[in-house]
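One structure is given here, and the rest of the page talks about it.
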Amino acid sequence: MDGNAKRIDNLLQATASPNYVDNDSPGLSELTADRSPVSREAHSEILTYFSSLVPEGPPGGPDTDWFFFHYKEICGFTNKTTGRFQATLPPPFNRLLEDHLLFYIRVLSPYFRSIGPSYAAFTAINDPRDLFIRLSYDLGGEESEMLKRWSAGLLRKEQTEILEMVLRKMYVELKTLLVDIQADTKEVRSRELVRILWRTREVVRCLVQRLRSERLEVLLCRYLGEEEINWKVVRGVDDAQRKWENRMEESRKHMLTQYMDWLAAGKSWGES
1 MDGNAKRIDN LLQATASPNY VDNDSPGLSE LTADRSPVSR EAHSEILTYF SSLVPEGPPG
61 GPDTDWFFFH YKEICGFTNK TTGRFQATLP PPFNRLLEDH LLFYIRVLSP YFRSIGPSYA
121 AFTAINDPRD LFIRLSYDLG GEESEMLKRW SAGLLRKEQT EILEMVLRKM YVELKTLLVD
181 IQADTKEVRS RELVRILWRT REVVRCLVQR LRSERLEVLL CRYLGEEEIN WKVVRGVDDA
241 QRKWENRMEE SRKHMLTQYM DWLAAGKSWG ES
């Protein structure tokens, strides 16, 4: 282990932050470049990112950032074993995975570190950082449909191109929201962030589950690659989608309010 890796590893072990280490996990020095599917340059940048972080709150709290555990799994570790490396993402997505991880540490994480704990109201299911991380699992986690297709030699070039275009368009949208424009408030920006991520996850999961027609895949590739956009159609679809999402959000808030009222009254969920 070189001096820099040892310094970083000692720092992380000393913090005992739930972000980085637990009793069953390997130290940072074991996350070597040969275990990672990303380039050595990207791997080095990710390790440097870990060294820049400070301890956070208890595991599962609103400040918990699970990126270290995610990268540990990408490098072939799990929380309880240090077995051999097993690919969980089809190799055609390796470059996209690298850009996905780098976008997280260069854009998404710095934004949330800059605004502090104001996003603590997000539940685990709506934490934008967690939603972003889970997108890489949607592309091809262990036992996923995409990994099975690639292993069987059935993953077509058009399928990977469509998913890559969807993700890269999302990166542009997120960067515009977080860096290039000034939203009214942090809350508005965070809500839009969740909205974008949920939409992208639904599109990715739909494509993964239903893409079977090579002809349709070719047409989608051609459409997504077009420079000209019919903004009237885009705005119409966006308006309809927002109305549906707002109704769903109100429904979730109503159910949560009911649940909290029942808890306060000492009742079980669903008890009248």
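The sequence shown lines up with residues 1 to 272 when you count with the UniProt record's numbering.
In this text, a Cβ means the ideal position worked out from N, Cα and C, and glycines have one as well.
Sorted by chain position, which residues of the same chain lie with C-beta nearer than 6 Å to residue i's C-beta, five sequence neighbours on each side aside?
i, result
"Arg205", "Asp138"
"Val38", "Glu98"
"Tyr171", "Phe103"
Would you say the beta carbon of residue i comes nearer than 8 Å to a heavy atom of the ligand GDP?
i, result
"Leu177", "With respect to the ligand GDP, the structure offers nothing, as it holds no ligand at all."
Leaving aside the five residues before and after residue i along the sequence, list all residues of the same chain whose C-beta is less than 7 Å from its C-beta, in chain order.
i, result
"Phe93", "Leu139, Gly140 and Thr160"
"Asn126", "Val194"
"Thr81", "In this prediction, Thr81 scores a pLDDT of 44, lower than 50, which makes its location untrustworthy; the coordinate-derived value is nonetheless stated afterwards. Cβ within range, chain order: n/a, list empty."
"Ala33", "Arg40 and His43"
"Met146", "Pro90, Leu139, Gly140, Leu155 and Val208"
Using a Cβ-Cβ cutoff of less than 8 Å, which residues in the same chain neighbour residue i once the five nearest sequence positions on both sides are dropped?
i, result
"Val203", "Val166"
"Ile105", "Glu45, Ile46, Tyr49 and Phe67"
"Arg149", "Pro90, Leu155 and Gln159"
"Arg134", "Arg201"
Distance, Cα to Cα, residue i vs residue j?
i, j, result
"Glu158", "Ala265", "55 Å"
"Cys75", "Leu219", "35 Å"
"Trp198", "Glu192", "10 Å"
"Phe132", "Glu173", "13 Å"
"Ser151", "Ser29", "31 Å"
"Arg201", "Leu207", "10 Å"
"Ser109", "Arg210", "32 Å"
"Ser36", "His100", "14 Å"
"Leu102", "Lys186", "23 Å"
"His43", "Lys169", "24 Å"
"Thr176", "Glu41", "26 Å"
"Lys72", "Ile115", "26 Å"
"Arg95", "Ile196", "22 Å"
"His70", "Leu31", "12 Å"
"Arg222", "Arg215", "11 Å"
"Ser144", "Arg212", "15 Å"
Assuming residue i contacts residue j under a Cβ cut-off of 8 Å, what Cβ separation, rounded to an integer in Å, is found between them?
i, j, result
"Ser136", "Leu97", "6 Å"
"Val107", "Leu178", "6 Å"
Return the chain-ordered ranges of every beta strand (DSSP E) run that is complete within the region 133-185 and spans a minimum of 3 residues. Runs found: none.
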